[in-house]
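*Asks:* Take this structure first; my questions come after.
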Amino acid sequence: MNNIFSSLPSDLKHEVFDELLQAGQSGNARTLRIERIVSKGHTSPETGWYDQEENEWVLVLEGAGTILFAEGNQQVTLRKGDYLHIPAHAKHKVVWTEPEELTVWLAVHYSVEDITACE
């Protein structure tokens, strides 16, 4: 058994991406990938956008972060317990994470054509 909060880095110079589970392959993308992301004041690179082949469902377990979407210049701030569905090829980037505490994200990347986000 593992715990999502175990082995959290105490000194975080760079954002940490830990792959927890992966399954299948569809073209260049895996059909399922689950990762833990740990941030502390980290953001996406200033230039460029994430433009992923897979859909992404992201949940903030601790801390907070803000995601900016290219379309409509929309910003969404997620705090502990908040989650968001990001469709494949929705260009986005992280523009802020909590600078004084760790932000722990759970990201589920998946390749499914017909998906419905439930409320």
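To convert, count from 1 in the sequence shown and add 95; that's the numbering used here. For each residue, glycine too, the CB sits at the ideal point set by N, CA and C.
The beta strand (DSSP E) spanning F112 covers which residue range?
*Replies:* Note, F112: beta strand (DSSP E), V111 to A118.
*Asks:* Nearest by alpha-carbon distance to A185: which of W191, G143 and E114 is it?
*Replies:* Among W191, G143 and E114, the Cα nearest to that of A185 is on G143.
*Asks:* Expressed to the nearest angstrom, what Euclidean distance is found between the alpha-carbon atoms of I99 and W200?
*Replies:* Distance between the alpha carbons of I99 and W200: 10 Å.
*Asks:* Quick check: the Cα distance between V171 and M96, rounded to an integer number of angstroms?
*Replies:* Straight-line Cα distance between these residues: approximately 33 Å.
*Asks:* By the 10 Å Cβ neighbour count, where 16 or more other Cβ atoms means buried, how is V207 classified, buried or exposed?
*Replies:* It counts as exposed.
*Asks:* Give, in chain order, every unbroken run of the beta strand (DSSP E) that is at least 3 residues long and sits entirely within the stretch 177-209.
*Replies:* Counting whole runs of 3 or more residues, the stretch 177-209 contains the beta strand (DSSP E) stretches 178-181, 187-192 and 198-205.
*Asks:* Relative to the alpha-carbon of E114, which residue among V133, D106 and V190 has its alpha-carbon at the smallest distance?
*Replies:* Looking at the Cα atoms, V133 is the closest of the given residues.
*Asks:* Express the C-alpha separation of T198 and S151 in angstroms, rounding to a whole number.
*Replies:* According to the sequence displayed, residue 151 carries Glu and not Ser. Answer to the nearest angstrom: the Cα atoms are 18 Å apart.
*Asks:* Does DSSP put G160 in a helix, in a strand, or in coil?
*Replies:* Of the three classes helix, strand and coil, the one that applies to G160 here is strand, per DSSP.
*Asks:* With DSSP as the reference, please indicate the residues paired to Q36 in a beta bridge.
*Replies:* Past the boundaries of the shown model lies residue 36; the chain is included only from 96 to 214, so the question cannot be answered.
*Asks:* What are the partner residues of E134, as DSSP defines its beta bridges?
*Replies:* Note on residue identity: the sequence assigns Ser, not Glu, to residue 134. BP columns for S134 point to T198.
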